Every structure is written in structure tokens, then in C-alpha cells.
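First up is the structure itself, then whatever we jot down about it.
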Amino acid sequence: MKVKEAKSVRKNKVKVGTYIKRYWTLYLLLLLPMTYFIVFKYIPMAYIQIAFKKYNITQSVWDMEWAKNHGFEFFIKAFANKDFLYALRNTLMLNLLDLVLGFPAPIILALLLNELVFKRFKRVVQTIAYMPHFLSWIIISGLALQLLAPSTGLINILLGKMGIDSIPFLNESKHWVGTYIALGIWQSVGWNTIIYLAAIAGINPELYEAASVDGAGRFKKMWHITLPGIRSTIVVLLVMNLGHILGSEFDRPYALKNNLVNDVSNVISTFVYTNGIKGLQFSLTTAVGLFQSVIGVIFLLIANNIARRLGERGIW
């Protein structure tokens, strides 16, 4: 038995050695991204301690004094801060609206583009749709101001000539939220459509041919073949989006916000910028960022677990 075990160990070593010799270039290529993640993602995690300590610019993070209440002083202060609670509410509200209204948009566009017969027209539409992805939010906010301003915006000027009162797209909270979501969908829908079109391209065309023989129309093919064929892609992207439900990008709300809509435009990222970078409350904003990350991971785990229970693969 021992001789057999020794032989199997030797065979495994030979297999591993052969495998490494054959694919060593792939592991060499992995070295650069692994180095990036270690240097810029994992090493900075040591500074999470700032959330539990009293920040002092003259001291190392390891030498800083621990905060009161067993280190949770700044977490308590954050939840006692009305601005943070408003920012938390706004972040959840805007992200949920983005998810409910924005997530289905690229799926619908991909389904429509897939049904187009003229390939040249399809390519033109797809190119026009994903071009806004390459515009920064500063440029988009400038365009929005020129088009949607109450008195000088092109759209409100046209509405005025038709006898319709101007709409305060950017100056009233309710309208600002609608404008924020609409601009977000317009900016990202084309780029996200590419993922679904790639998934649709992987569906076996014989399924469509068989459905045509059975007399199925376009809608039935879409419902019974295309959507089930990209279901796994939809689930993975949905799980990833749920993981960012409490996350918030900085450039989009910061570029579109103004003093008239602070009650809905102030999100966690702008709160961190205002109180952390401008207000120099580094411990408080680090605590807020850590809370945001922990909740995001919890949402991600829950969503992935639900996906696996429903028979989907999830993200791991």
C-alpha cells in the first residue's frame, strides 16, 4: 500500500510539474493584476483602523488612540448625524430606482436589437446607444443644464412656445430625481446592452429554427428561447448590482446636485467628501465607508444565496 501511495504521489508531482511548464506564461500574466490588488486593495485595508481610532495626522495608524465606546464612537456619531441619515436614505432611494428602472433597460434594448433584420442599422443604433458611456458626468451635467434649465434650457423654451409651463427638471426635488434616473439610464444602457447581446449570440440558432417550424412568432421566441438563454447572465449582473445597493458613485450626484435639491441629492459619497475631505473628519467618514462596505457585502451574500437556491450559478 505504501509503495502504491508513493507512486501516486510521484505521478501527481509529475502532472503538476508538466502543467506548470506548459502554462507558466498564464501565471506570469496573472502576476501583474495580483500585484495590483495586493498593493492597492489589500495593503490599504490596514487603514480601516481609522474608523475605530481618533485620527491624528502626526501619528502612525498603529499608534493612534482608540476611540471611546470600545472603538465605536464614530459609528454612534454617524447615526446621530441627521445629514448622514438623509444621505443614507437618499442613497437607498436612488439606487433602488436605478435598479428597478435602469436594470431592465439594457435587457429590453438587447432584445429589440436582436430582432432587427438590417445588420447595418443595428450597428448604427448600438453605436449611438453606447457612445454616452464615454462621456464624463461633468460633460453630461453641462448638457443637462443647457437642455433642462428652467428659463434658458432648450426643452423648456420649446415647451413655452407650445404654451406649456416650464418644468423645473433640475430645481425641484421630485423632478430632479426623475432627471437623475433618466440621465443614468441614458448614459449606461448602451454599454450594458453589449453584455446581453454577447450572451444572446451564444444561444444555439437551431432552437430558433425549431421554434419557427413549430409556428412560434417573434415574441414567443423571445420569451421562451432568448430570455431563458440569457437568464444566467441576468442573475449574475443582478446579484452584482444588489451588492452595490448601498454604494454610490461620486461624480454623478456631485455633478448634478445644487442647493435647491440638497434634500434628495446628498448621498453617502458626497457626505464623505463634504465631511471627510473638506471637514477633515477622517475617523467619522472612514466609519461611514466601512459601514457602507459591510452592508454591501451582506446584500451581495444574500442575493448570491437566493440565486443559488433558485437553481442559478450565482457569482461563486
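Heads up: the sequence shown runs through residues 1275 to 1590, numbered per the numbering used here.
All residues carry an ideal CB built from backbone N, CA and C; glycine is no exception.
All values reported here derive from a predicted model rather than from experimental measurement.
Taking the Cα positions, Lys1295 is about 14 Å away from Leu1303.
The DSSP-derived three-state label of Lys1328 is coil.
Listed as beta-bridge partners of Trp1340 by DSSP are Lys1327.
Gln1555: not part of any alpha helix (DSSP H); DSSP gives it neither H nor E.
The beta carbon of Tyr1360 lies closer than 8 Å to those of Asp1537, Asn1540 in the same chain, with the five residues before and after it left out. The stretch 1373–1392 makes contact with the stretch 1452–1462, as at least three CB pairs between them are under 8 Å. In this structure the stretch 1492–1505 lies against the stretch 1467–1477, because at least three pairs of beta carbons, one per stretch, are closer than 8 Å. Judged by DSSP in its simplified three-state form, Ser1543 adopts helix. With 16 or more other CB atoms across the displayed protein chains lying within 10 angstroms of its CB, Gly1464 is buried. Under a 10 Å Cβ-count criterion, Thr1309 is classified as exposed, with fewer than 16 other Cβ atoms of the shown protein chains found around its own Cβ. Per DSSP, the continuous alpha helix (DSSP H) segment holding His1449 begins and ends at 1447–1475. Per the C-alpha coordinates, the member of Val1568, Ser1543, Leu1390 positioned closest to Arg1363 is Ser1543. Cα atoms of Ile1469 and Lys1327: separation of roughly 43 Å, rounded to the nearest angstrom.
Of the residues assessed, Trp1298 falls on the exposed side of the cut-off, its CB having fewer than 16 other CB atoms within 10 angstroms. Annotation: the continuous alpha helix (DSSP H) that includes Arg1526 extends over 1525–1530. DSSP, read as helix, strand or coil, puts Ser1506 in helix. Assigned with DSSP and collapsed to three states, Pro1380 falls in helix.
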